[in-house]
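Participant: The structure under discussion is supplied below as structure tokens; questions concerning it will follow.
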Amino acid sequence: MGLGDLNAKFTSFGFYVLEIDGNDVEAVSKALDTETDGRPKCIIARTVKGKGVSFMENQVGWHGKAPGEWERQQALKELED
């Protein structure tokens, strides 16, 4: 079920809306620091589940699942590369 145009919905309620790449730490930090002239802030962070880990990225089965020790080590290795 889609959520519709979240930007338009929050804007209509007076929010200052930012849409960012939620997997980009610098973009998240910048959005959090953005001044809004006193308006409430809404950050719409577009993300990819498991970003950067070949066997987890966009795999629904990993949403909320804890990796085993081998999987954890492999994921950390891929993220460091």
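17 is the number that full-length UniProt numbering gives to position 17 of the sequence shown; each next residue is one higher, with no gaps. Positions of the beta carbon are idealized from the N, C-alpha and C atoms, including for glycine.
Could you say which of Asn-23, Gly-61, Gly-68 lies nearest to Val-48 if we only look at CA atoms?
Facilitator: Ranking Asn-23, Gly-61, Gly-68 by Cα distance to Val-48 puts Asn-23 first.
Participant: Note down, one range per segment and in chain order, each beta strand (DSSP E) of at least 3 residues found wholly within the stretch 17 to 64.
Facilitator: You should have 41 to 46.
Participant: Is DSSP giving Leu-3 helix, strand or coil here?
Facilitator: Reduced to three states, the DSSP call for Leu-3 is coil.
Participant: Can you tell me which of Ile-43, Gly-61, Val-60 puts its alpha carbon nearest to the alpha carbon of Tyr-16?
Facilitator: When only C-alpha atoms are compared, the closest one is Ile-43.
Participant: In whole angstroms, what separates the C-alpha of Ser-54 from that of Glu-78?
Facilitator: Cα-Cα distance, rounded: 8 angstroms.
Participant: Please report the distance separating the alpha-carbon of Ser-12 from that of Thr-34.
Facilitator: Spanning the two alpha carbons is a distance of roughly 19 angstroms.
Participant: Give me, in chain order, the residues of the same chain whose beta-carbon lies closer than 7 angstroms to that of Pro-67; leave out the 5 immediate sequence neighbours on both sides.
Facilitator: Same-chain partners within the cutoff: Ala-75.
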